[in-house]
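J.: Can you read through this structure? Questions will come right after.
Protein chains: 4
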Amino acid sequence: MYFGSDNQSGASHKVLEALINANQGISASYGEDEWSQKAVEIVRTIFEHPDCQVFFVASGTAANCLALSSMVKPWQTILCHQQAHIAMDESTAPEFFTGGARLVTLDAGKGRLTATTLSSYLDRQALHIPHNPVPGALSITQANEAGQVYSVQEITELAQLAHAKGLKLHMDGARFSNAVASTGASPAEMTWRAGVDVLCLGASKNGCLAAEMVIFFDSALAEGFEFRRKRTGHLLSKGRLLGAQVEAWFADGHWLKLAKHANEMAMRLVEGLSVLDGVDIVWPVDANELFLMLPKDKVHYLQSQGAVFYDWDDTTLPADYVVKETHQFVRMVTSFATTQSEVDQFISLLR
Amino acid sequence: MYFGSDNQSGASHKVLEALINANQGISASYGEDEWSQKAVEIVRTIFEHPDCQVFFVASGTAANCLALSSMVKPWQTILCHQQAHIAMDESTAPEFFTGGARLVTLDAGKGRLTATTLSSYLDRQALHIPHNPVPGALSITQANEAGQVYSVQEITELAQLAHAKGLKLHMDGARFSNAVASTGASPAEMTWRAGVDVLCLGASKNGCLAAEMVIFFDSALAEGFEFRRKRTGHLLSKGRLLGAQVEAWFADGHWLKLAKHANEMAMRLVEGLSVLDGVDIVWPVDANELFLMLPKDKVHYLQSQGAVFYDWDDTTLPADYVVKETHQFVRMVTSFATTQSEVDQFISLLR
Amino acid sequence: MYFGSDNQSGASHKVLEALINANQGISASYGEDEWSQKAVEIVRTIFEHPDCQVFFVASGTAANCLALSSMVKPWQTILCHQQAHIAMDESTAPEFFTGGARLVTLDAGKGRLTATTLSSYLDRQALHIPHNPVPGALSITQANEAGQVYSVQEITELAQLAHAKGLKLHMDGARFSNAVASTGASPAEMTWRAGVDVLCLGASKNGCLAAEMVIFFDSALAEGFEFRRKRTGHLLSKGRLLGAQVEAWFADGHWLKLAKHANEMAMRLVEGLSVLDGVDIVWPVDANELFLMLPKDKVHYLQSQGAVFYDWDDTTLPADYVVKETHQFVRMVTSFATTQSEVDQFISLLR
Amino acid sequence: MYFGSDNQSGASHKVLEALINANQGISASYGEDEWSQKAVEIVRTIFEHPDCQVFFVASGTAANCLALSSMVKPWQTILCHQQAHIAMDESTAPEFFTGGARLVTLDAGKGRLTATTLSSYLDRQALHIPHNPVPGALSITQANEAGQVYSVQEITELAQLAHAKGLKLHMDGARFSNAVASTGASPAEMTWRAGVDVLCLGASKNGCLAAEMVIFFDSALAEGFEFRRKRTGHLLSKGRLLGAQVEAWFADGHWLKLAKHANEMAMRLVEGLSVLDGVDIVWPVDANELFLMLPKDKVHYLQSQGAVFYDWDDTTLPADYVVKETHQFVRMVTSFATTQSEVDQFISLLR
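Protein chains in written order, with this note's numbering: chain A, 1 to 351; chain B, 1001 to 1351; chain C, 2001 to 2351; chain D, 3001 to 3351.
Given below as structure tokens:
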């Protein structure tokens, strides 16, 4: 019963098979290989955007921070939700890659960034140039750190507010496939058609071993990116490692099948949990993450029975949430590898 | 009637005279001159700390950020009040100088950083290494951005909390002389005896043209500082410019006389303003800055009569402050150059 | 007949098999997995150094530059041979990772860095502090960019000169296994026993898909490395990808078997080529790289027959080498995947 | 008899007087003051370029490195002469300000950078993108580190070569006034009309206490400069300090009178020295610096009599220069403050 994280499994069977097949023979290095070239074309097709610029790297932090370094000047700020992965879990990589731009975190009280919050922040920026740092980009996470998915409408509103003030819009899509699977919106609708300038699309959490994409819908922002990737050590010599994973991941809708399964396992958990006394599902579950209040004795019992899930930080709760001493705030994550029987066993133990 | 800022005057008469005298003759460059050497000794005497390491630079941003770069690793955070000058008014210099350390701002709701706020923040840092940025330093401003002065007791408490968690304590002393003049505490009591590791002492706002000091009470932190200063372009070739100002500024208590005057002018304003209807002095006035709510018609009238002071940012008000539509939030600053007649004229116009 | 580069093959059969096996099941992320833990232990055993600190990353540029960033201050220089990979082929990654340290390239005229050259450079550094950049580290490549291997004696001499002046010694071991296979010196003899402080050991060119190690023999230098790796985006979430490769690569001397084969193929080429008229083997062939002058018509003929190898930069020739207009300078590289029949076919075509 | 450096005097009488006058009264801070505004206009007039963008800072390292950071990307290189001040005497400031661009030094053997050397370097750059750093700017010093002045013709040729390959041309004009005084070329002819994109014009060595200018003839390069200056701590609060110096320095040709005097004193030294046995003037003396071989006994005698000048680094000699054991290589510098009697006394002692 593993609900610890979606980066604790290996690759999906299909992705692994692709890696095995790609292992044969000689091919050009540094991303000039045939797999990488094909993978770029697949991305362009799936996003219905023949001109988007696509780059592969091996880690999500690299993808996010390389993207951001292409979007802001070092004297600008990057606005994001207070629980954003770039703010909480990537050390000071955003500052390092951008040459010292600043993260400004918004909206501690809610699980998602709202147009109202953004608008209110931007409106009260009476900038005293060059003393005050200047907003340069907005970054949102899809699906986000509270397990929620922004609707196309919400993204559009945020994009319009951002663009009106000259900010670029970055989307951290570490769980983008879960968001697409959840809403049914097309990849294009959820990104560039809604105003996203750069998407970091993560495959590692959903079926790959290590494969992340930086997709520039605004090609001008991609200028110099090949140098950025190289000088940060993120251009792998054997590009087939990334290209083969990505190609297989997208082929025949594999990525969405994996994501759909993960989401369904999460919903099955929700259904099982929501009827139980003493369990509070803190945030709406839109994708493959659940944030719960569980009775502490239940937590200990479940863990003693082999269930894996993690305590979560109280400071990420809604601002007005009253924590009971008897309860523990926990996060559960499902993945493509989660089985129905794991879910059912968990629920039955909890009953 | 100039109450715009304390950096809008030239040097005091004595400091200017020192510059004129120091202009003669040949002397070693790059801070090896006799004036700089003497100035270092004066600092050591005044702070009763014969081993402190002292460096001169020409700007407050340089002093603060060079100091911080000596105190934190690039993967650490610098905690400060939300209105701190380093957070609001130094662009992204802290990130640039430190190689990408992060500022974390605390306590929007109050005009000063309290031990409670700091303690509460530090306690809830359940660090997931190496993902989360790690607190590395605390920075406080003395006198601070709300015109308030931390007592020796408060500094001691903050220092103890900081040191207990391995943080270094930085003091931005752009208006340190005003704080010393206000409290009567000795420079040593207000700094290293209370736990301050590095003080940035500003003379530019209080009688000099451009002279700021970085004073390391913890000499180990000063290792490499001469390289830091050089490679950031802050080692001036004609060091006498800085050394002569500093020497004259400290001589015969000149610095405190200037600061005392500025503070007295501020208190004279407070006395005159506090009896007037419709005027609200928002924060206690401990030094040479006043933050006021003035009726808008009065503001316009005063400005039409030649009074200079600036509208201030509402977001720096106490969290629960209710702003009246009829009023304007303003800042007034006095300096060594403020005259009693300017103050009296201002008050009489406001009556 | 592929002699283009040793990064144009996939993984060896054994390494691929290990990846397949490691794909199963749940394991901790971010390098806490069992494969990574075992791989660290194998490194310690092979290097006979139970306390060395070992970190895995996916690219050689990342390994080298992360290592260097742990070894020098930003105001120091890194000395290296003019043809060093860090100077020629890693963009400005050394500057980026180190926060702006400077590369100083030595000895254009020879294929290897000599103690005489180093000594002469260090002796004439009359440092005017803090104006001049200060030597902080020496970096050598083993096997180096001219296909040569430093003897243990040479390394020891360079290390002694470096250490005597306070420099740390870095070894870029992208082809370290070829060097070990070539000399028969033990890994320990060739590194820490000779004075190497930090080794970057590359497995990607010799049987892995993407696996590089940073090995600190001086543990003090490793302080903070986990933060450095994270904030540069080089901590992979699914650490098994790296750990499994490394473990299998070292197991049962697999790494040396692969390297030995590559070296033997290079020697077979040398033997075949050295008896041919009009062919000049420019540098001694110690490992798996050959640098040759070939008649231009032969070059064209070989390439038309499917032989792959690259023109090489004339500026890397010995200083006094006279290039004939009829000849082309080329590089040939053998790898674990090079077959004897490829070599023999190449030689017979050239006859 | 001071010939140590041109940064060991104070300000000229006129510049000091201007500082005294500018000390009175209230004025806007951060460069918005009237003196700074006027100084910008004077620069535009003197350079016959009404649109050039002009910024003031207090140190030459800051001027040079801020300028360069506006001219190159962090993955580019800056080409310069091996003895360039930016390469020898500014620590690793170029790397720091540019975010890690690389200095590439050319032409060790000669006292000036020639079009042939530049052309030869640029021609052999067979760039393997993105692996190799890419030339982004050329920096020349006028007058240069060997005391020589580039002719307008030479600058034009270097500019054309640079621009043809997409490089920007930077001029380090720490002794620009000496060069103008020496050649009689107008400031415009020697800079933008010859192809210089950005000039760093130093006044500190020639009559000011601390005043350096960054002058963008290509205004597009100045975009964001105000942020760069602020976040590096180089925006002084009391801008009058810089503005007043610059204004007075340029007024009535004062800057050229000072430079002309310094140059004349250097020529007087040359005339006196050139007739003496055992003295070799190594480089042509075009401005205010002399590089000499003096008999060692003469050196000791002169210094014992109070003459100040410095031993110089043998590695900066012409490549084929044979140093006699009996002689010492020294540098002598004249300045606006050098007197005829100092020169004559020096010569007579040497006879």
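The beta-carbon is built from N, C-alpha and C at its ideal position, and this holds for glycine as well.
Thinking C-beta only, is C/V2196 closer than 9 Å to C/I2129?
T.: No, the pair does not count as a contact, with Cβ atoms beyond the cut-off.
J.: Can you tell me the Cα-Cα spacing of D/F3227 and A/T77, whole angstroms?
T.: D/F3227 and A/T77: Cα-Cα distance of roughly 13 Å.
J.: Terminal residues of the continuous alpha helix (DSSP H) containing B/S1120?
T.: Residues 1115-1123.
J.: Between A/K168 and chain D, is any beta-carbon pair separated by less than 9 Å?
T.: No, A/K168 lies away from the interface with chain D (no Cβ there is under 9 Å from its Cβ).
J.: Determine the DSSP secondary structure at A/G173, reduced to helix, strand or coil.
T.: Strand.
J.: Could you spell out the range, first to last residue, of the alpha helix (DSSP H) harbouring D/R3229?
T.: D/R3229 -> alpha helix (DSSP H) spans 3225-3231.
J.: Does the Cβ-Cβ distance between B/L1066 and B/L1209 come in under 9 Å?
T.: Their beta carbons are not under 9 Å apart, which means B/L1066 does not touch B/L1209 by this criterion.
J.: Distance check for B/L1113 and B/V953, CA to CA, integer angstroms please.
T.: Residue 953 of chain B lies beyond the range of chain B shown here (1001 to 1351); nothing can be said about it.
J.: Taking Cβ-Cβ distances shorter than 7 Å, what residues in chain B pair up with D/A3018?
T.: Chain B residues near D/A3018: none, gap ~12 Å exceeds 7 Å.
J.: Alpha carbon to alpha carbon, what distance is there between D/C3200 and D/M3190?
T.: Rounded to the nearest angstrom, the two C-alpha atoms are 13 Å apart.
J.: Counting only Cβ-Cβ distances shorter than 8 Å, please list the residues of the region 229-240 of chain A near chain C, keeping chain order.
T.: For the region 229-240 of chain A, which is checked against every Cβ of chain C, the residues closer than 8 Å are K230, R231, T232, G233, H234, L235, L236, S237, K238, R240.
J.: Note down the Cα distance separating A/Q82 from A/V180, rounded to an integer number of angstroms.
T.: Distance between the alpha carbons of A/Q82 and A/V180 is about 23 Å.
J.: Using DSSP bridges, identify the partner residues of B/G1202.
T.: Paired residue(s): B/E1212.
J.: List the whole-angstrom C-beta distance separating B/S1059 from D/G3233, where the pair is believed to meet the contact cut-off of C-beta under 8 Å.
T.: Sure, about 5 Å apart at Cβ, within 8 Å.
J.: So for A/R112, helix, strand or coil by DSSP?
T.: Residue state, collapsed to three classes: coil.
J.: My understanding is that A/A162 touches A/L138, with C-beta atoms under 8 Å, so please give their C-beta distance in whole angstroms.
T.: About 4 Å separates the two Cβ atoms, so the contact holds.
J.: What does A/K165 reach in chain D if we use C-beta pairs closer than 8 Å?
T.: Within 8 Å Cβ-Cβ: nothing; A/K165 doesn't reach chain D, min ~17 Å.
J.: Which partner residues of C/C2052 appear in the DSSP bridge assignment?
T.: Paired residues: none, contrary to the question.
J.: Could you spell out the range, first to last residue, of the alpha helix (DSSP H) harbouring C/T2098?
T.: Its alpha helix (DSSP H) spans residues 2093-2098.
J.: Restricting to runs no shorter than 4 residues, where is the alpha helix (DSSP H) found entirely within the region 3229-3275 of chain D?
T.: Listed in chain order, the complete alpha helix (DSSP H) runs (minimum 4 residues) inside the region 3229-3275 of chain D are 3240-3250, 3254-3274.
J.: Straight-line CA distance for B/L1317 to B/V1152?
T.: Near 25 Å, if we compare the C-alpha coordinates of B/V1152 and B/L1317.
J.: Which of the residues in the region 1048-1077 of chain B, read from start to end, lie with their CB under 9 Å from any CB of chain D?
T.: From the region 1048-1077 of chain B, only V1057, A1058, S1059, G1060, T1061, A1062, A1063, N1064, C1065, L1066 have a Cβ closer than 9 Å to chain D.
J.: Measuring CB to CB, does D/A2994 end up less than 9 Å from D/N3206?
T.: This structure gives no information on residue 2994 of chain D, because the portion of chain D shown stretches from 3001 to 3351.
J.: Could you say which of C/N2144, C/G2166, C/K2165 lies nearest to C/G2173 if we only look at CA atoms?
T.: The option with the nearest alpha carbon to C/G2173 is C/N2144.
J.: On the DSSP letters alone, give me the boundaries of the beta strand (DSSP E) that B/M1332 sits inside.
T.: Per DSSP, B/M1332 belongs to the beta strand (DSSP E) from 1327-1333.
J.: Chain B beta carbons: is any one of them nearer than 9 Å to that of C/P2130?
T.: Output row for C/P2130: interface = yes.
J.: Taking its Cβ as the centre, do 16 or more other Cβ atoms sit within 10 Å of D/T3326, making it buried, or is it exposed?
T.: Counting Cβ neighbours within 10 Å, D/T3326 comes out exposed, since fewer than 16 surround it.
J.: Alpha carbon to alpha carbon, how far is B/H1261 from B/T1061? Give it in angstroms, no decimals.
T.: Cα to Cα, the separation comes out at about 25 Å.
J.: Does chain A have any CB closer than 9 Å to the CB of D/Y3030?
T.: Closer than 9 Å to some Cβ of chain A, the Cβ of D/Y3030 qualifies, so yes.
J.: Using the three-state DSSP reduction, which class does D/G3136 fall into: helix, strand or coil?
T.: Of the three classes helix, strand and coil, the one that applies to D/G3136 here is strand, per DSSP.
J.: Could you tell me how far apart the beta carbons of C/W2283 and C/G2004 are, in whole angstroms, since I believe they sit closer than 8 Å?
T.: 18 Å between Cβ atoms; not a contact.
J.: Grab the span of the alpha helix (DSSP H) containing A/P295 for me, first residue to last.
T.: No alpha helix (DSSP H) holds A/P295; the beta strand (DSSP E) holding it covers 289-295.
J.: At a cut-off of 8 Å, is B/R1268 close to the ligand GDP when judged by its beta-carbon and the heavy atoms of the ligand?
T.: The ligand GDP is not part of the structure shown, which contains no ligands of any sort.
J.: Would you check if there are 3 or more beta carbon pairs closer than 8 Å linking the region 3288-3300 of chain D to the region 3330-3338 of chain D?
T.: As far as the Cβ criterion goes, the region 3288-3300 of chain D touches the region 3330-3338 of chain D, which means the pair count is three or higher.
J.: Can you tell me whether A/L317 is helix, strand or coil according to DSSP?
T.: A/L317: coil per DSSP, three-state reduction.
J.: Grouping DSSP H, G and I as helix and E and B as strand, with all else coil, what is D/H3081?
T.: In this structure, D/H3081 counts as strand in the three-state DSSP scheme.
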